[in-house]
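This report refers to the structure that appears directly beneath it.
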Amino acid sequence: MGNDSSAELEAARVRIRELEGDLARERTKGDAYAKMLASVPASVIQTDSELKIIFISKFGEGYVPAEVIGRYVFDFAPPEVEQMGRAVMLRVFQTGTSEVMEGVGEMSPDGKTSRFRTYVSALDDSEGHRTLVMMAFDIMGEVSREAALEQSEEQLRLAAEATGLGLWSWDISTGEFRWNSRMHEIFGDASPLNERAFLARVHPEDMPIVQEALVRMRQTNVLEIPPHRVSREDQVLRWMIASGRVIATRDGQSDQLVKRHCVGGTLDVTEQREMQSRLMHAEKMEAVGRLAAGIAHNFNNMLSVMLPTLEKIRRDAKGGPMPVGIEEAHVAGWRAAEMVQQLMTFARGNVDSNVVGAGEGIIDDVVRTALLLARTTFGEDITVEERIDPLGHHLVRGATEIEQAIVNVLVNARDAIRATERPGTISVDLREGRPGETPTHALLTIADTGSGMPSRVARRVFEPFFTTKGSKGTGLGLAMVDTVVRGLGGTVSCQSREGAGSAFTFRIPVEKARTPSPMPRKGDGELVLVVDDEAVFLKTVNAILQEGGYRTAVASSTETASKLLEERSEVALVLLDRTMPGCSPMDLARSIRRERPDIRIVLFSGRELVDEDRDAVDDVLQKPATMSQILDMVRKTLGRERSAAF
202 MGNDSSAELE AARVRIRELE GDLARERTKG DAYAKMLASV PASVIQTDSE LKIIFISKFG
262 EGYVPAEVIG RYVFDFAPPE VEQMGRAVML RVFQTGTSEV MEGVGEMSPD GKTSRFRTYV
322 SALDDSEGHR TLVMMAFDIM GEVSREAALE QSEEQLRLAA EATGLGLWSW DISTGEFRWN
382 SRMHEIFGDA SPLNERAFLA RVHPEDMPIV QEALVRMRQT NVLEIPPHRV SREDQVLRWM
442 IASGRVIATR DGQSDQLVKR HCVGGTLDVT EQREMQSRLM HAEKMEAVGR LAAGIAHNFN
502 NMLSVMLPTL EKIRRDAKGG PMPVGIEEAH VAGWRAAEMV QQLMTFARGN VDSNVVGAGE
562 GIIDDVVRTA LLLARTTFGE DITVEERIDP LGHHLVRGAT EIEQAIVNVL VNARDAIRAT
622 ERPGTISVDL REGRPGETPT HALLTIADTG SGMPSRVARR VFEPFFTTKG SKGTGLGLAM
682 VDTVVRGLGG TVSCQSREGA GSAFTFRIPV EKARTPSPMP RKGDGELVLV VDDEAVFLKT
742 VNAILQEGGY RTAVASSTET ASKLLEERSE VALVLLDRTM PGCSPMDLAR SIRRERPDIR
802 IVLFSGRELV DEDRDAVDDV LQKPATMSQI LDMVRKTLGR ERSAAF
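The sequence shown runs 202 to 847 under my numbering.
Next comes the structure, spelled out in structure tokens:
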């Protein structure tokens, strides 16, 4: 019996050692599981059926097991998360299926939170008891990166919208494009074009540069298409530039790099091109203006000799037979003077009430002359109806400007009719405004049966640079018409209806024709110094003044004039040309003002003066001037008190 007891005791000891070994192995295995769970970038949580935590692989910073084990899982989440989370967990507990949920949870006792994506599954033990196992991943970094990416994409979108850039992706192998919304706006198409359709829209003249850019892209992986014209879906031609880069991707079968996509952007530069064209036109017009100013100045000097001479011949006739051609030469001379005034206006680049209106004309003659000029551009498809009341007793200032304004409107009417591609009519109606009103106005209406304009366009026809003729128009014609008419104290308006023609109505101030003014009374022998670099002009003015009862001295330069003023203390008035090469007439005028304030100064000029020049002279006589205008100005200036501001 003793032996049996010893055997049993030994067997018990062996069993204990086996159990201890098993326990050690289980502990080792548990440690391995714990290490594995600790290495997983997630927290593994097990809850019972009441959703209380019975196991957790990782504790947040600052938490200890006693503060977590046995706690309700939603003690560590905001209240707004509990309702959604409880519903998910109960479904998993009841059905045994797995689900995923996202929500905010606490990471430490101080309330620091993060966003978790949690995978929830059911776990049944050997006795059939069900628990929940959750694997919670901290996705705060991922959320932050997604938010940063969305912000970056939004900033890129806003930047693209701000620049007006259309973005696209081109599959080179298929020729298909993908567009953003701006590309649809630029091209006016609801669906992206493919490569063939795009090339069909390119203007034929620009096709070589586009094709050259495509060839170069296949060699350099860089696409740069300089400004080129593309026809939109609505047939409107627009200027565009495009830029892109080829992206190489791997072929799915051979794993080789292949050129499959080009990504880039397109910019509509039509407005910039038009502005550039207008700038070039303006620079060209400025150069032409300088040339016109030079021509007008020289022509003015010639007319300043011709017109007084013709006037003297007419006066010398004294009612007798007029030499053949003198009257016609006199009229032609004044028409030339008006044209010179227009050239000077053009050279300045502006029109104002101080400049417009140097020449006069009978209003119905002005209208008929404008019609005669415009008719030369009409074809047989245009019929002109005239209703011109005889207003021969009415004069209009700025006859040449008004004539050109009327021609401009008539030519526009011609173009509007031709745009309809059918015959049309232009009617011209001239009549007196309200009889008896002061001042008197003439009403001129020019109407056509052309294409007409929508109201939004008709409201803008007098705006500078506004045109409906595309690159063929400058947008200056009707703007100049409006400026000229307003400069004369009148108005011009437009009424139009799309498809029904347009009507322009001028309200032009006119005056009753005056009888020629008598010659001013003769001078009393006062000494007048004439300063001009044109010898013929000096001779003509010298003769006019001497015939008018004045003594004269002449100088062809400011230096000679200064010496004469030192030698001749009796000089009462200086007639001074505004423009003489190689010297400064205005410096001479200011010198006279300082040293000889008793001397009157009249400036011969073909243009208006700036304020600082006005203070240096008593008056201005516009070139060309008649014999009577010259004598009248001298007599008037000598007979009044000197004033620096006239």
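Where a beta carbon is used, it is the ideal one built from N, C-alpha and C, also for glycine.
Residue i, buried or exposed, once every other Cβ within 10 Å from all chains shown has been counted against 16
i	result
P710	buried
A846	With a pLDDT of 44 at A846, under the threshold of 50, the modelled position of that residue is not reliable, and the figure given next carries that caveat. It counts as exposed.
I217	exposed
A754	buried
V416	exposed
D553	Note that D553 has pLDDT 41, beneath the 50 cutoff, so the model's placement of it is unreliable and the number below is only indicative. So D553 ends up on the exposed side.
H429	buried
G580	exposed
I426	buried
E209	exposed
L592	buried
T248	buried
E512	buried
S206	exposed
H330	exposed
V215	exposed
V772	buried
M441	buried
G558	With a pLDDT of only 42 at G558, under 50, the local geometry of the prediction cannot be trusted, and no value is derived from it.
A790	buried
T375	exposed
Three-state secondary structure (DSSP) of residue i
i	result
S656	helix
S374	coil
P710	strand
P405	helix
K313	coil
T584	strand
F256	strand
N330	In the sequence under discussion, the amino acid at residue 330 is His, which differs from the Asn named in the question. Coil, per DSSP.
L689	coil
T684	helix
L592	coil
D566	helix
R474	helix
N551	For N551, the pLDDT reaches just 46, beneath the cut-off of 50, and the residue's location in the model is therefore unreliable, although a value from the coordinates is still provided. Coil at N551, not helix or strand.
M384	helix
S703	strand
I426	strand
M781	coil
V556	In this prediction, V556 scores a pLDDT of 39, lower than 50, which makes its location untrustworthy; the coordinate-derived value is nonetheless stated afterwards. Looking at V556 - three-state DSSP - the assignment turns out to be coil, as it is neither helix nor strand.
V729	strand
G342	helix
E300	strand
Opening and closing residue of the alpha helix (DSSP H) in which residue i lies
i	result
I410	408-421
I800	That residue, I800, is in no alpha helix (DSSP H); it is neither H nor E in DSSP.
Q247	Segment 244-248 is the beta strand (DSSP E) holding Q247; no alpha helix (DSSP H) there.
T641	Premise fails: T641 lies in the beta strand (DSSP E), 641-649, not in any alpha helix (DSSP H).
D734	Where D734 is concerned, there is no enclosing alpha helix (DSSP H), given that its DSSP letter is neither H nor E.
T838	828-839
L291	280-296
L765	759-768
I607	600-620
Proximity of residue i and residue j at Cβ, strictly below 8 Å
i	j	result
A756	V737	no
G389	W380	no
L596	P825	no
V274	F260	no
W369	T467	yes
L702	K723	Residue identity differs from the one stated: residue 702 is Gly in this sequence, not Leu. Going by C-beta atoms, G702 is not nearer than 8 Å to K723.
I627	I583	yes
H462	L438	no
Boundaries (first-last residue) of the beta strand (DSSP E) holding residue i
i	result
Q696	692-697
G625	625-633
Q823	820-823
T753	752-756
D435	Element bounds for D435: n/a, residue is neither H nor E.
A817	From DSSP, A817 is part of no beta strand (DSSP E); its letter is neither H nor E.
Check: residue i C-beta below 7 Å from any heavy atom of the ligand SAM
i	result
A744	With respect to the ligand SAM, the structure shown offers nothing to examine, as it has no ligands at all.
Okay, do the segment 403-421 and the segment 333-348 touch, 3+ Cβ pairs below 8 Å being the bar?
no
Using a Cβ distance threshold of 8 Å, determine whether the segment 615-631 contacts the segment 649-665, with at least three qualifying pairs required. yes
At a cut of 8 Å, does the segment 568-588 reach the segment 599-608 through at least three beta carbon pairs? yes
- request: Would you check if the segment 319-327 and the segment 297-306 touch, i.e. whether three or more CB-CB distances between them fall below 8 Å?
  value: With contact defined as three or more Cβ pairs closer than 8 Å, the segment 297-306 and the segment 319-327 are in contact.
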